[in-house]
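What follows is a single structure, written as structure tokens, with notes after it.
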Amino acid sequence: MEGSEELLQSIKHFLDLQSIAPLSPIQCERCGSTMEYSDAHFWLYETKMQWSIPLPRCPACDPQPSAEIKPNLM
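Under the working numbering, residues -2 to 71 are what the sequence shown spells out, in order.
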């Protein structure tokens, strides 16, 4: 169980850091457009831990916002 707890703490630490990271304007490596940020929501199953992390996307190279993509739930 010690390995599982260590993995859980590593994931939590990573997501904590990503959720508070400052957002700086970045340019798309393919086309040079200014990247936009979309919030992605993460949680750990059977816990109350959850995070909202902004993920960059290029409005020119990826014009469809990720919110319009329907997840494939089985």
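The beta carbon of each residue, even a glycine, is placed where N, CA and C say it ideally should be.
In the three-state scheme derived from DSSP, where H, G and I count as helix and E and B as strand, D59 is classed as coil. Straight across, the Cα-Cα distance linking H38 with H10 is about 16 Å. Of the candidates L5, G0 and I23, L5 places its Cα closest to the Cα of Y42.
P51 has its alpha-carbon roughly 18 Å from the corresponding atom of E26.
When DSSP reads this structure, S49 sits in a beta bridge with H38.
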